[in-house]
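Enquirer: The following block contains the structure, expressed as structure tokens.
Protein chains: 2
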Amino acid sequence: MQKPSLPKGTRDFAPEVMVKRNYILNTIRAVFEKFGFQPLETPSMENLDVLTGKYGDEGDQLIFKILNSGDFLSKAKPEDKDDYKALIQKISEKALRYDLTVPFARFVTMNRGVISFPFKRYQIQPVWRGDRPQRGRYREFYQCDADVVGTDSLICEAEIILMINEVLGKLGIEKFALKINNRKILSGIADYLGYPERVSDMCVAIDKLDKIGEEKVLEELGQRGFSEASLQKISPVIALSGTYAEKIIYLKQIFTSSEIGRKGLEELEEVVNLLSQITQKEDFIEHLHIDFDQNLARGLSYYTGAIFEVKALNVSIGSISGGGRYDDLTGAFGMPDMSGVGFSFGVDRIYDVMEELNIFPEENTLSTTQVMFTNFDAEAQKYLLPILAQFRAANIRCEIYPDSSKLKKQMNYANRKNIPYVVLAGEDEMKAAKITLKNMRSGEQDLLTASEAIQKIQ
Amino acid sequence: MQKPSLPKGTRDFAPEVMVKRNYILNTIRAVFEKFGFQPLETPSMENLDVLTGKYGDEGDQLIFKILNSGDFLSKAKPEDKDDYKALIQKISEKALRYDLTVPFARFVTMNRGVISFPFKRYQIQPVWRGDRPQRGRYREFYQCDADVVGTDSLICEAEIILMINEVLGKLGIEKFALKINNRKILSGIADYLGYPERVSDMCVAIDKLDKIGEEKVLEELGQRGFSEASLQKISPVIALSGTYAEKIIYLKQIFTSSEIGRKGLEELEEVVNLLSQITQKEDFIEHLHIDFDQNLARGLSYYTGAIFEVKALNVSIGSISGGGRYDDLTGAFGMPDMSGVGFSFGVDRIYDVMEELNIFPEENTLSTTQVMFTNFDAEAQKYLLPILAQFRAANIRCEIYPDSSKLKKQMNYANRKNIPYVVLAGEDEMKAAKITLKNMRSGEQDLLTASEAIQKIQ
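As they're listed, the protein sequences go chains X and F. No gaps in the numbering here: position 199 of the first sequence is 198 in numbering that gives the first Met the number 0, and each next residue is one more. No gaps in the numbering here: position 215 of the second sequence is 214 in numbering that gives the first Met the number 0, and each next residue is one more.
Now the structure itself:
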């Protein structure tokens with residue numbers, strides 16, 4: 000009998016982990032719904048042609064393909080059997096979703112006739128990627144996306160900033176930077192350099208700033224053919240620091256001849272203006288952790304307007320959320336001009352950050368069970384069973400130890416499950432028509448009626 | 000550009016469906032936790048050797064296998080390429096889970112050292128089966144299991160009956176029969192017939208009673224080699240009706256020489272006795288919809304004690320829940336004698352039953368969004384944005400229409416999303432520092448301050 004094992008890069012979530020994960024997911028879900036986003040779920044499997052070609056060659060390699068059922072080999076022609084690609088097409092037509100965006104685009108395209116736009120949906124489901132597993136990188140992990148499509152209103156951008164703040168605030172992650180930029184500002188910088196067509200190239204280099212530093216970024220730009228003069232021009236732009244207002248003034252100056260750059264600044268200012276109206280606070284920029292970062296590009300040439308990224312501060316894993324505006328969600332499925340804006344929380348990363356900061360609230364690191372009823376013997380059991388029912392009728396989550404084992408074993412069970420209260424009943428309690436309620440953390444014991452105990456716990 | 004489509008047998012769950020599904024799942028989850036069950040999640044993928052051989056030959060055929068990544072063909076030997084089974088082993092090592100029981104058994108085996116037994120877990124996750132899709136049968140569907148392992152206490156059986164009642168009661172499914180039997184009672188009947196070794200055979204035939212009727216069941220038993228005399232003996236047992244107490248008296252008589260049959264009755268009576276103690280009600284059998292059915296076998300020879308099945312009455316699809324006690328969850332993984340009892344809700348079926356009976360509560364068939372703020376123009380938007388923030392601070396789920404489109408379009412949007420309230424603000428409202436709150440169902444409109452409106456909605 001061989002020992003069973005888990006596939007590489009996958010995880011079981013035991014109850015003590017699930018409780019914490021659910022705490023994070025429920026917090027996110029509640030905020031999504033508070034802002035008018037509605038839940039959507041799509042199947043784990045998609046037809047291969049829906050997925051392939053959407054993630055680049057490298058991404059395509061990482062898609063998990065599902066074998067057709069039945070003896071597919073007999074259907075393959077002899078020459079297929081030595082040709083990997085030909086055989087794949089014969090033996091596999093479906094694959095596991097790689098992200099939530101492409102299935103969402105597929106859903107919007109298929110349901111365009113019945114959806115009321117603007118369509119605000121959130122989606123919290125696992126995705127699968129055949130990446131080499133390593134610390135913090137899994138082959139199955141949850142994504143947690145919210146998108147509004149069918150409008151280019153900047154209210155959506157402003158609300159995303161509010162949502163991120165509300166989620167992280169509720170989770171107790173206090174120190175973070177909500178970096179914001181706009182693809183059009185990056186285009187403006189490329190204009191300013193004299194390379195309006197090379198904004199993607201420029202972004203690829205700038206994106207590495209955090210990792211390799213300014214000097215190496217300039218070096219890479221040089222290698223990519225940017226002129227010495229342009230490097231001299233971009234250097235102070237990359238290094239630009241100061242307040243939000245100071246940065247805006249600087250960029251306005253260098254964008255005098257870049258219409259797209261000015262448009263980017265306008266969009267950014269409108270988002271900030273909306274946030275001022277919403278919050279009615281003088282210090283809303285600081286209050287909302289907004290950090291305008293003209294170097295934020297997030298690699299994806301996919302974005303056309305706002306770009307977001309959230310970094311938790313003072314922890315080893317930084318980036319916990321990101322997103323942006325795009326112009327063309329569904330073009331690959333033949334439905335053009337579907338613009339929208341979306342963002343995503345990294346649940347595993349938020350989990351790790353919260354563990355590192357040790358900020359899971361105690362009541363959420365505990366068992367879901369609030370009270371364990373002990374089980375001395377048949378008589379005590381008979382006495383306690385209706386009281387247990389009374390507790391449950393009061394919506395208290397509780398359980399009775401099912402066997403009359405040694406009390407020590409029962410108490411150990413409650414301890415290991417982190418159950419905060421234990422109910423005991425022996426002869427004395429039964430005579431007095433009461434129970435003993437033990438607080439497992441303080442050790443405090445009280446002789447109470449059932450109703451008194453219920454009140455104490457609630 | 001080809002139109003995208005969904006794989007056969009899979010479904011998107013659009014927001015209006017998700018809202019109802021979540022209502023069912025949250026109800027089930029809350030009851031599971033109230034009874035001390037804790038959440039567990041296992042990966043969608045399992046190693047093939049964990050799954051194969053657990054579901055019979057037919058089941059094995061229906062497991063969705065996942066292709067290894069990379070060019071697996073080059074690793075296959077030439078002779079493998081014509082041999083389906085040999086090739087499969089080379090190109091696929093993982094598969095999608097087929098149910099939640101085998102992954103649970105795998106989890107228990109792998110974590111035996113750290114689990115506190117008795118272990119009460121629930122698990123709500125999708126499973127995949129390559130069945131031919133048809134109405135009500137999907138290739139991806141959710142299972143919803145709760146099990147207690149590591150104890151043979153009959154309190155667990157009694158609590159399952161309470162949980163089923165609480166879930167269905169909360170969902171508003173009032174008419175159902177909670178059929179209960181015990182595998183040992185079926186063994187007792189086989190004893191009584193003189194075929195103690197042939198209880199499985201007997202069950203296969205009896206299981207068809209609902210479909211083919213008593214006469215055909217007896218015919219099938221005859222074909223399976225049961226003697227004419229035994230058919231004469233079983234006929235009144237199958238036809239046995241009457242109250243719970245009457246049935247018990249009858250079976251006690253025919254089990255005078257069947258120890259296992261008497262044990263089965265004892266277990267059943269103990270469960271009923273516990274329920275009497277818990278509920279403290281005279282009519283608890285009726286109250287809990289308990290219907291002792293000596294013919295309930297549920298096919299699975301896997302069960303060794305209690306057997307449950309719940310049928311919703313007066314609807315086309317009947318069976319919505321089932322389960323039973325087993326002796327050997329983890330034997331296939333080399334960990335013997337792990338007994339437990341579990342049950343499962345059929346979420347898709349419960350959904351269909353509730354649709355058929357039209358009992359989804361109105362507030363749960365609505366949008367998750369409670370209030371839509373209209374958007375007349377920039378000025379009205381500016382006026383409403385801080386009020387929107389005030390609503391959200393009061394935990395009201397709301398959204399503002401992001402564009403200043405025609406009012407009719409905005410109202411249509413609210414209508415199609417089933418949003419119960421709309422907030423309007425024009426010149427008059429702004430002058431009065433108020434808003435108009437419109438109840439979308441009654442049509443009623445009130446001019447209110449923001450705080451008054453919040454109070455009205457909460």
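Beta carbons: idealized from backbone N, C-alpha and C, even for Gly.
Hey, does ARG136 of chain X have any beta-carbon neighbour from chain F nearer than 8 Å?
Expert: Not an interface residue.
Enquirer: Leaving out the 5 sequence neighbours to the left and right, which residues in its chain are closer than 6 Å to SER338 of chain F when beta-carbon positions are compared?
Expert: Within the same chain, SER338 of chain F has close Cβ partners ASP151 and ASP326.
Enquirer: Looking at C-beta atoms only, is the number of pairs between the stretch 187 to 206 of chain F and the stretch 436 to 450 of chain X that lie closer than 8 Å three or more?
Expert: Verdict: no, contact absent.
Enquirer: Apply the 10 Å Cβ neighbour rule to GLN454 of chain F and answer buried if 16 or more other Cβ atoms are within range, or exposed otherwise.
Expert: That one is exposed.
Enquirer: Beta-carbon of ALA204 of chain X versus every beta-carbon of chain C: anything under 8 Å?
Expert: Considering every chain present, this structure includes no chain C. Its protein chains are X and F.
Enquirer: Over the uninterrupted beta strand (DSSP E) stretch that includes THR303 of chain F, give me the two end residues.
Expert: Looking at the DSSP string, the run of the beta strand (DSSP E) that includes THR303 of chain F is 302 to 311.
Enquirer: Would you say LYS416 of chain X reaches chain F, if we count a Cβ-Cβ gap shorter than 8 Å as a contact?
Expert: By this cut-off, LYS416 of chain X is an interface position.
Enquirer: Considering just the uninterrupted stretch of the alpha helix (DSSP H) at LYS84 of chain X, what are its terminal residues?
Expert: That run of the alpha helix (DSSP H) goes 83 to 90.
Enquirer: Would you say THR303 of chain F faces chain X, with C-beta separation under 8 Å as the test?
Expert: No, THR303 of chain F lies away from the interface with chain X (no Cβ there is under 8 Å from its Cβ).
Enquirer: For LEU337 of chain X, which residues in chain F fall below 7 Å Cβ to Cβ?
Expert: Looking at the sequence shown, residue 337 of chain X is not Leu but Met. Ordered by position in chain F, no residue passes the 7 Å Cβ test against MET337 of chain X, which lies about 13 Å from the chain.
Enquirer: Rounded to a whole number of angstroms, what is the C-alpha to C-alpha distance between ALA189 of chain X and PHE106 of chain X?
Expert: Rounded to the nearest angstrom, the two C-alpha atoms are 36 Å apart.
Enquirer: Could you tell me which residues DSSP puts in a beta bridge with PHE466 of chain F?
Expert: The structure shown does not extend to residue 466 of chain F, since chain F is modelled only from 0 to 457, so the question has no answer here.
Enquirer: Considering ILE163 of chain F, what are the terminal residues of the alpha helix (DSSP H) in which it resides?
Expert: Segment 154 to 170, the alpha helix (DSSP H) holding ILE163 of chain F.
Enquirer: Is there at least one Cβ from chain F nearer than 8 Å to THR9 of chain X's Cβ?
Expert: True, the Cβ-Cβ gap to chain F drops below 8 Å.
Enquirer: Throw me the rounded Cβ distance for the PHE372 of chain X and LEU356 of chain X pair, which I believe falls under 8 Å.
Expert: With a Cβ gap of about 36 Å, PHE372 of chain X and LEU356 of chain X do not count as contacting.
Enquirer: The beta strand (DSSP E) that contains GLU139 of chain X, what's its start and end?
Expert: Per DSSP, GLU139 of chain X belongs to the beta strand (DSSP E) from 139 to 148.
Enquirer: Find the nearest neighbour of GLN369 of chain X within the set X:LYS416, X:MET353 and X:GLY333, judged by alpha-carbon distance.
Expert: Ranking X:LYS416, X:MET353 and X:GLY333 by Cα distance to GLN369 of chain X puts X:LYS416 first.
Enquirer: Rounded to the nearest angstrom, what separates ARG10 of chain F and LYS2 of chain F at their Cα positions?
Expert: If you take the alpha carbons of ARG10 of chain F and LYS2 of chain F, they lie about 17 Å apart.
Enquirer: In the DSSP assignment, the beta strand (DSSP E) including PRO125 of chain F goes from what residue to what residue?
Expert: That run of the beta strand (DSSP E) goes 118 to 127.
Enquirer: Could you work out which residues of chain X lie near SER43 of chain F, taking near to mean beta carbons separated by less than 9 Å?
Expert: Result: THR9, SER43, LEU95, PRO125, TRP127 and GLU139.
Enquirer: Which one or two residues does DSSP pair with MET44 of chain F in a beta bridge?
Expert: Its beta-bridge partners are F:LEU95.
Enquirer: In or out: GLY260 of chain X buried (at least 16 other Cβ within 10 Å) or exposed?
Expert: GLY260 of chain X comes out buried.
Enquirer: If distances are taken between C-alpha atoms only, which option among F:GLU354, F:LEU387, F:ALA331 and F:ALA432 comes closest to THR108 of chain F?
Expert: Comparing Cα positions, the closest option is F:ALA331.
Enquirer: Is it right to say LEU494 of chain F is buried, meaning 16 or more other beta carbons lie within 10 angstroms of its own, or is it exposed?
Expert: Residue numbering for chain F in the displayed model covers 0 to 457; residue 494 of chain F lies beyond these limits and cannot be assessed.
Enquirer: List, in order along the chain, the chain X residues whose C-beta lies closer than 7 Å to that of THR367 of chain F?
Expert: Near THR367 of chain F (Cβ distances below 7 Å), the residues of chain X are GLU32 and GLN37.
Enquirer: Quick one: what's got a C-beta closer than 8 Å to ARG136 of chain X's C-beta in the same chain, skipping five residues either side?
Expert: Within the same chain, ARG136 of chain X has close Cβ partners GLY8 and ASP130.
Enquirer: Beta-carbon separation of LEU264 of chain X and LYS251 of chain X under 8 Å?
Expert: Contact: yes.
Enquirer: Identify the contact partners of ASN110 of chain F in chain X, using a Cβ-Cβ distance below 9 Å as the criterion.
Expert: Within 9 Å Cβ-Cβ: ASP11 and ALA13.
Enquirer: Is it right to say GLY55 of chain F is buried, meaning 16 or more other beta carbons lie within 10 angstroms of its own, or is it exposed?
Expert: Answer is exposed; the Cβ neighbour count stays below 16.
Enquirer: With 8 Å as the threshold, decide whether the Cβ of ILE284 of chain X is near any Cβ in chain F.
Expert: Output row for ILE284 of chain X: interface = no.
Enquirer: Hey, how far is the Cα of ALA379 of chain X from the Cα of MET44 of chain X?
Expert: Distance between the alpha carbons of ALA379 of chain X and MET44 of chain X is about 52 Å.
Enquirer: Just to check my reading of the structure: ASP351 of chain F and ILE399 of chain F have Cβ atoms closer than 8 Å, yes? What is that Cβ distance to the nearest angstrom?
Expert: Incorrect: roughly 36 Å between the Cβ atoms, too far for contact.
Enquirer: In the DSSP assignment, find the unbroken alpha helix (DSSP H) run with ASP445 of chain X in it and report its ends.
Expert: From DSSP, ASP445 of chain X is part of no alpha helix (DSSP H) but of the beta strand (DSSP E) over 444 to 447.
Enquirer: Exposed or buried, what is LEU312 of chain F when buried is set at 16 or more other beta-carbons lying within 10 Å of its beta-carbon?
Expert: The residue is exposed, with fewer than 16 neighbouring Cβ atoms inside 10 Å.
Enquirer: Between ASP402 of chain F and chain X, is the shortest Cβ-Cβ distance under 8 Å, so that the two count as touching?
Expert: It does: the Cβ of ASP402 of chain F has a partner Cβ on chain X nearer than 8 Å.
Enquirer: If we count the other Cβ atoms within 10 Å of its Cβ and call it buried at 16 or more, is HIS288 of chain X buried or exposed?
Expert: So HIS288 of chain X ends up on the buried side.
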